[in-house]
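These notes concern the structure reproduced below.
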Amino acid sequence: MSDKHTTEIKDEDGAIPAEFKDIVSKIEKLSLLEASRLVKVLEKRFGVSASAPVAVAAAPQAAPSSEQKEEQTTFTVELTETGGNKIGVIKAVRAVTSLGLKDAKDLVDGAPKVVKEGVTKEEAEKMKKELETAGAKVTLK
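For the sequence shown, the positions run 5 to 145 when my numbering is used.
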């Protein structure tokens, strides 16, 4: 009962080393979210980055004008519009920040307003998704 992935994951000789078969099997069963979390744990634990080789390989292929432009590492999440579900947006703002009810309401009422500054890309996208699910329009800067 081997699946497609087991036959594709091989070392240089074309076979999965015996000591890794159990690990590979367990990783194959992870959901995408679980696999992403595993990568983050491994990166933190061993002080490495899984994305570094991709960035290094992509850099030489970039156009001269884009070589000078660095990838943005911190983002500002801005609430641009509240949409029709103001109460839901207030709840979402409270969920993604540590604001109290009054502060969250004031932020939503004053849109466009910055929800949070200096966040990572992953955190900014998570916040954006949660706020948009509540009906808000969000801009990442």
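We put the CB at the ideal spot given by N, CA and C, even for glycine.
For residue i and residue j, I'd like the C-alpha separation in whole angstroms.
| i | j | result |
| --- | --- | --- |
| F24 | K120 | 42 Å |
| T80 | N89 | 23 Å |
| T78 | P21 | 40 Å |
| E122 | Q76 | The sequence as given places Gly at residue 122; Glu does not occur at that position. Near 11 Å, if we compare the C-alpha coordinates of Q76 and G122. |
| E136 | E127 | 14 Å |
| K33 | V118 | 39 Å |
In this structure, does DSSP put residue i in helix, strand or coil?
| i | result |
| --- | --- |
| T137 | helix |
| K33 | coil |
| L111 | helix |
| K25 | helix |
| L103 | coil |
| V43 | helix |
Between residue i and residue j, is the Cβ-Cβ spacing less than 8 Å?
| i | j | result |
| --- | --- | --- |
| L144 | A115 | no |
| I31 | A39 | yes |
| E134 | A99 | yes |
| G104 | A140 | no |
| V112 | V93 | yes |
| A138 | K106 | no |
Tell me the residue span of the beta strand (DSSP E) that contains residue i.
| i | result |
| --- | --- |
| L83 | F79 to E85 |
| E121 | K117 to V123 |
Quick one: give me the first and last residue of the alpha helix (DSSP H) that residue i is part of.
| i | result |
| --- | --- |
| G92 | K90 to V100 |
So does residue i have its beta carbon nearer than 7 Å to some heavy atom of the ligand HEM?
| i | result |
| --- | --- |
| I31 | With respect to the ligand HEM, the structure shown offers nothing to examine, as it has no ligands at all. |
Assign residue i to one of two classes, buried (16 or more other C-beta atoms within 10 Å of its C-beta) or exposed (fewer than that).
| i | result |
| --- | --- |
| K19 | It should be noted that the sequence gives Ala, not Lys, for residue 19. When all chains shown are included, A19 counts as exposed. |
| V45 | exposed |
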